[in-house]
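Just below is one structure, and these are the notes that go with it.
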Amino acid sequence: MKNFYFRWATSTFFGASYQKEFSAEWDAALNRLIDKHWQTVNVGEHYAVFGQTKVWIGNAFYAYGFQYDAGLEFRPSLRTMRRLDSLVNYSQQKSAELKRAAYDTALKDLGR
């Protein structure tokens, strides 16, 4: 968690340079999406997909967490950004572990 706040502070000059405006409505909606789709989120390089909703995860943190492809570019609260970042990191680690396991299995099959 300390790593998150350090990355946030250095990328936004302690919250002074966000690219998007805050929206309490989007913040609540994103929290609901995280709660509902946390197990099935599809994380890509630049955005995460929660059900039918794409959320921008590139350019952390000054343009982080807005609804991609909707024309409504508002940012969530810092707390929600932290939740989203935690979920993205978890999903990326899980994906890396699956790839590593598949690679290890392929190596074992070659060794037989």
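Letter by letter, the sequence shown follows residues 146 to 257 in the numbering used here. Every residue, glycine too, gets a C-beta built ideally from N, C-alpha and C. All values derive from a computational prediction rather than experimental measurement.
Whole angstroms are fine: how far does the CA of Q238 sit from the CA of D249? D249 and Q238 have their C-alpha atoms spaced approximately 16 Å apart.
Beta-carbon separation of S222 and D172 under 8 Å? In contact: S222 and D172 (Cβ atoms closer than 8 Å).
Close Cβ partners of V233 (< 7 Å) along its chain, the five nearest in sequence each way excluded: Residues of the same chain with a CB within less than 7 Å of the CB of V233, apart from the 5 flanking positions on each side, are V188, A193, I202 in chain order.
Taking only three categories from DSSP, how would you classify F219? Correct three-state label for F219: strand.
Quick check: what's the CA-CA separation for F195 versus A251? If you draw a straight line from the Cα of F195 to the Cα of A251, it is about 31 Å long.
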